Structures are given as C-alpha cells and as structure tokens.
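My numbering numbers the first residue of the sequence shown as 94 and each following residue consecutively. Cβ atoms here follow ideal geometry from the backbone N, Cα and C, with glycine treated the same way. Keep in mind it's a predicted model, so treat the numbers as computed, not measured.
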Amino acid sequence: MIGYYILLGGIALVSWIVSSTLKRKFEKYSKVQLRNGMSGAEIAEKMLADHGITNVEVISTPGQLTDHYNPKNRTVNLSESVYHQRNAAAAAVAAHECGHAVQHAQAYEWLKMRSALVPIVSVTSGMSQWIVIGGLMLGAAAGLGIGFYVAVAGLIMMGFATLFSFITLPVEYDASNRALAWLKSRNMVSQQEYAGSEDALKWAARTYLVAAIGALASLVYWAFQVFGRRD
C-alpha cells in the first residue's frame, strides 16, 4: 500500500502543478482583450453558425470552470465569466466547447464512443476501487473463494473508467484543434490573441492527460495486487 500512496502522491503533485499553471494561464490571457470586442457567447454563436449548426443553444451556467457541451439537450454551457467576457481566454473556451458541438453534429467517432460509456462509468467509477479492496479482504490475495472474482469485477469496472479517460483525450484535443483552426481561418483573433488561446487550451488538455495517466496507474497497481498475489 505504501507504493500505491507514493504513486498517488506523485500523480497528485503533477496534477496540482498542471492545474495551477492552467489557472495562471487563464488569468494571464483573461487580460488580453479581443480586438473584435466579441464576448464568449458571441464567439460561440458565430462558430456554430459558421458550421451550419442551428439546433444548439448557447447558455450561461453558474460557477467557474463549469463550461461544457451537453449533447442530450444540445446546449453549449459557458460559465458566467466566459459567457460575458471579451478576451483571449473566453474566446478559447467558448470555441472549444463549440468544437464538441461540431463533433456531435458530424458524428465524430471518439465522441460517440465516449458518450456510450457515460452511463456505465457514471455508475461504476465511484465504487470500483472499493469493490477491489473488498474482494482482496475476502481472500483474493490467496487466490481462493469468491473474493478473487469480486476483485476482478472491481477491476473490470475500473477498466471502463480508465478506458473512458483515454477516449476523452482525442475528444478534447480534437475539440481544441477545431476551435483553433476556426479562430485562425475566420480571423477572429489577432496573432497575439491566437497565441494566448492556443496556450490556454494546451494546458487545459494536459489536465485530461494527467487524469488518464493516473487512472491507468491505479488500474495497473490494483491488477498487480489481485493477480500478483494470486500467483
């Protein structure tokens, strides 16, 4: 268990560094005002219109870092600051979330796979580790009895969450690429504003990368605990 806690500590440290850097980047680029004077909401509506998407609504949602695209009710949800502000950070986030709407409209395969996993992961992700631990306590370490099969069931649940984390990577990177390509091709931002948007989205994507690595590391560790001890 000591090795596991060291691993968790290392991943938590990297996650903190990435999150702190992301926060600083967004604070920095929130001060870079757009020359076109458009708000995040207006950027989003323009990007949707340019892609011929007329059935998606752009709405404001409370809180910070609450920006997301909801494929169920087809809404681009922008946090209050992104919705109203007129800077490079707001433009990046708004365009990124619209990138997901474009993915949905074009039936992007990775997004379809992630959406298919959502119902499973929403049920299993919170309990998978406890099921593995419970299985080990029931006797999986000795490789005998029902405990081993309980632990394996927990690993399968954990595997779905890990798979979800890795499928999320191309979805997020592709949404950012779509956003940046549109911002550049439509001359929505100046060169300085584009550099800020690109840098902000790059660090945002790294948070998903760290999460995926953490999920894989946890899965591998617990798999060794279950199958290694059985041998």
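- DSSP places H161 within a strand segment (E or B) once states are collapsed to three.
- As far as DSSP is concerned, N166 takes part in no beta bridge.
- The stretch 209-216 makes no contact with the stretch 288-296; the number of CB pairs closer than 8 Å stays below 3.
- Contact between Y176 and G133 holds: their C-beta atoms lie close to 5 Å from each other, under 8 Å.
- If you compare the alpha carbons of A183, L204 and E120 with that of P263, the shortest gap goes to L204.
- Annotation: the continuous beta strand (DSSP E) that includes S153 extends over E150 to T154.
- When only Cα atoms are considered, G102 and L309 end up about 15 Å apart.
- Under the DSSP assignment, F253 falls in the alpha helix (DSSP H) whose first and last residues are I239 to S278.
- For A182, the enclosing alpha helix (DSSP H) has its first and last residue at A181 to A198.
- Segment contact: the stretch 193-202 against the stretch 133-151, three or more CB-CB distances shorter than 8 Å; contact assigned.
- For Q284, the enclosing alpha helix (DSSP H) covers residues Q284 to A316.
- Between the alpha carbons of L229 and G252 lies a gap of roughly 17 Å.
- Listed in chain order, the non-local C-beta contacts of Q222 below 8 Å within the same chain comprise G247, M251, S311 and W315, local neighbours out to five positions each way being set aside.
- Secondary structure of S132 (DSSP, three-state): coil.
- Between the alpha carbons of V243 and G232 lies a gap of roughly 10 Å.
- Boundaries for G232: no alpha helix (DSSP H) harbours it, and the DSSP string shows neither H nor E there.
- For N166 and V151, the gap between their C-alpha atoms comes out near 11 Å.
- In the structure shown, Q222 adopts helical secondary structure according to DSSP, grouped into three states.
- The residue from R179, Y162 and A105 with its alpha-carbon nearest to that of L127 is R179.
- CA-to-CA, the gap between V214 and A254 works out to about 6 Å.
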